[in-house]
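Protein chains in written order, with this note's numbering: chain C, 205 to 591; chain B, 205 to 591. In this text, a Cβ means the ideal position worked out from N, Cα and C, and glycines have one as well. Remember, predicted model here, so these are calculated numbers, not experimental data. These notes concern the structure reproduced below.
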């Protein structure tokens, strides 16, 4: 297997993009990534696109070919493949691109993610997103994602000493970071009071514990490490790619407070990179709900079970802390266009490792991790990048 | 890159399976493939699943994890990835499995395809399938797939000497083959009269020129060639994998009578295998409509443009002819559960190359090709297998 590097990144602003269609969003992100990599579209060998549910959001399947076409690449006939694993679709698209380059089959490969969610009513969005859970055992009886994660939060708070204020601090921190990220959907700082006094969505989760419905796209270009400096002075190496599955329903889990797929993918990634938790300078974790960030920090081995609330309260996971988590603003403040999120996480790591993250820069960042979750943890992708 | 072999295959009967759910179908196919490969589920390193539109057919996304879970593999946490490219989703799943094993990242990988289409009304099916075309430029104005392929047929019959009877012979031949295939949806022989007197669907295409709506699943197991004989005495080598894209809309094509993605993927596959058309003993082509088989035979280079009708009439593409096409019965007689079709084609080749195809066996078959099309040719996957 060959070593692989990221040579270009691009990301649209995330938000309610009523003036941009599905296809415009990804062309914008793809163009930014190609420009960043100093390459023309015809130099691309193939493309992987992460998208959860364009079939239901915009009645369009066959996403890979659509994207290659609207990117102006149809006459080059390059392979274009959509991958889907709900909210981890972007992470899996990145993984497939890395595998393809590592295999030697292709050299210059684009991994992109896109979701256009605001063209349907919010009730339809919530039902479409429930397609990431088990339709027969969860969606059919009315379970939505806020409801499922509320069950995790309830069980967690019953078993471990996580206070309402500690949980709120996750969103407070991520809004602080998002306020410093030009692509974030929400660029306002908030307080613990904002969170604990916001509308109850699914007890104990309130509005500001939940990531929003978002339109957006992100793209990265990967190449063999040995060729990376043909295109960029700042290649970022892919040190590990790992992916794990678990039961699709929450009720079948060994323990709903632990995402075993996060544990497995995290362990495999550390093994592949030959690194451990202390080597990681920053992490982007999948904070679809505040409780998910708490679980992720623990499941990836950065602290013991039950300790992430205290770490968050103490500022360990804040910008300037020992382990900055979600410097991008996370899903909470950046927004969560589900297929794009996993690629946006990679974009954030690359910006940080290049030293180009501006007001949210982690000083001296050399190694970062991205953690992307599908559903309530039935799929998890973990990547480690380094310079 | 490592050489890759198919070590096991499994396919459900295709048809209207009102007593089998989406998840039951793939568990059935997967179990058959594991049994055929003499392996247990826990020996699998990862899984790729081709599926076009479970989101709209059964309101379920996150297909990879769902399948790994219902296959009893959740506790092993193996990666499970859905790939989608409309009707070529299965071919792309096979390609991703081959790339993964070739890269050395994984050893024993399952490629599967599944579609459950009959749980919705036929109008909803037709609209969902239109998601394989461009929703904004084709679906929005009412174009359906019979309509799009009817435009291809009309242009083709205007330009080349293809008679109504020659076109009908495609379905007659495929029903003859399907009558000899235990998994086929339609196992009745038909005549040219049956076709030309059947209901007009979209002029000039009649009911028997069109593949049906079908439920079904298929799975294959691939492994490094060097390990294949640990599992089977009859490994079948993957000699080439190729994939090409084209414009998603028909009106943007250089020539709607030629699928340029078929031309490109076919050429790349022959180059990769170091073979030419004369080396191929049988081909499974994507006959979603009769005209598609005519185009495919020409686009893959087996004859000149405009000659496939005569070849079909003369029996060259029949069982016992010089180039048997769609010995399985093709999409026409086997049925076309869209995500499963590309994998079913591989299953057919493997059965033929092992000499296990019973009444439809091609004597001495050593090299076969599978050709899987998404939409009207915006995605094409071509694979060459050999013993």
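- Task: Output yes or no for whether 8 Å exceeds the beta carbon distance between residue 525 of chain C and residue 491 of chain C.
- Result: no
- Item | Euclidean distance between Cα positions of residue 527 of chain B and residue 479 of chain B | 15 Å
- Give the residues from the segment 291–311 of chain B that approach chain C closer than 7 Å (Cβ to any Cβ), ordered along the chain. 296, 300, 303, 304, 306, 307, 308, 309
- Query: For the candidate residues B:403, B:369, B:364, B:417, whose alpha-carbon lies nearest to that of residue 389 of chain B?
  - Reply: B:417
- Quick one: which unbroken alpha helix (DSSP H) runs of 4-plus residues sit fully inside the segment 486–574 of chain C? Chain order, please. 494–503, 512–518, 534–538, 542–558
- Query: To the nearest angstrom, how far is it from the Cα of residue 201 of chain B to the Cα of residue 431 of chain C?
  - Reply: A query on residue 201 of chain B cannot be resolved here, the shown segment of chain B reaching from 205 to 591 and no further.
- Message: Taking DSSP's pairing of strands, which residues face residue 250 of chain B in a bridge?
- Response: B:313
- Item | Proximal residues to residue 564 of chain C (C-beta, below 7 Å), its chain only, five neighbours per side dropped | 381, 384, 385, 523, 531
- Task: Give the DSSP bridge partners of residue 449 of chain C, in chain order.
- Result: C:583
- Should residue 440 of chain B go down as buried or exposed, given a rule of 16 or more other Cβ atoms within 10 Å for buried? buried
- Anything in chain C within Cβ reach of residue 314 of chain B, meaning under 7 Å, just list it in chain order. Correct list: empty, because the minimum Cβ distance to chain C is about 13 Å.
- For the segment 209–216 of chain B and the segment 227–247 of chain B, state whether three or more C-beta atom pairs, one from each stretch, are separated by less than 8 Å. yes
- Tell me, please, whether the segment 570–579 of chain B touches the segment 455–462 of chain B by the rule of three or more beta-carbon pairs shorter than 8 Å. no
- Query: Going along the chain, which residues of its own chain have a beta-carbon closer than 7 Å to the beta-carbon of residue 354 of chain C, five neighbours each way excluded?
  - Reply: 406, 407, 408, 409
- Measure the alpha-carbon distance for residue 362 of chain B versus residue 396 of chain B and round it to whole angstroms. 21 Å
- Could you tell me which residues DSSP pairs with residue 427 of chain C in its beta bridges? C:209
- Mind listing the chain C neighbours of residue 451 of chain B? Cutoff is C-beta to C-beta under 7 Å, in chain order. 273, 278
- Message: With a threshold of 8 Å between beta-carbons, can residue 325 of chain B be considered close to chain C, or not?
- Response: no
- Message: List, in chain order, every chain C residue whose beta-carbon is nearer than 9 Å to that of residue 343 of chain B.
- Response: 263, 264
- Which residues, in order along the segment 354–374 of chain B, keep a beta-carbon less than 8 Å from a beta-carbon of chain C? none
- Query: Between the segment 426–447 of chain B and chain C, which residues of the former have a C-beta closer than 7 Å to a C-beta of the latter?
  - Reply: 447
- Message: Contact criterion: CB-CB distance below 8 Å. Does residue 267 of chain B meet it with respect to chain C?
- Response: yes
- Item | For residue 352 of chain C, the first and last residue of its enclosing alpha helix (DSSP H) | 349–363
- Do the segment 325–340 of chain C and the segment 251–261 of chain C meet, that is, are 3 or more Cβ pairs less than 8 Å apart? yes
- Task: Please go through the same chain and pick out, in chain order, the residues whose beta-carbon is closer than 8 Å to the beta-carbon of residue 334 of chain B, but skip the five residues on each side of it.
- Result: 342, 343, 347, 348, 349
- Query: Count the other CB atoms within 10 Å of the CB of residue 404 of chain B; is the residue buried (16 or more) or exposed (fewer)?
  - Reply: exposed
- Query: Nearest to residue 316 of chain C by CA position, among C:308, C:306, C:471, C:302, is which residue?
  - Reply: C:302
- Query: With 16 other CB atoms within 10 Å as the buried threshold, where does residue 518 of chain C fall?
  - Reply: exposed
- Query: Between residue 583 of chain C and chain B, is there a C-beta pair that is closer than 8 Å?
  - Reply: yes
- Option in C:538, C:205, C:248 with minimal Cα separation from residue 435 of chain C: C:248
- Message: Quick check: residue 580 of chain C and residue 337 of chain C, are their CB atoms within less than 8 Å of each other?
- Response: yes
- Query: Looking at the C-beta of residue 419 of chain B, does it have a partner C-beta in chain C at a distance below 8 Å?
  - Reply: no
- Item | Closest Cα partner of residue 498 of chain C within the set C:473, C:219, C:557, C:373 | C:373
- Message: Considering Cα atoms alone, identify which of C:468, C:250, C:393, C:494 is closest to residue 379 of chain C.
- Response: C:393
- Determine the extent of the alpha helix (DSSP H) in which residue 237 of chain C is found, giving its start and end residues. 226–240
- Would you tell me roughly how many angstroms separate the C-alpha atoms of residue 472 of chain B and residue 587 of chain B, rounded to the nearest one? 10 Å
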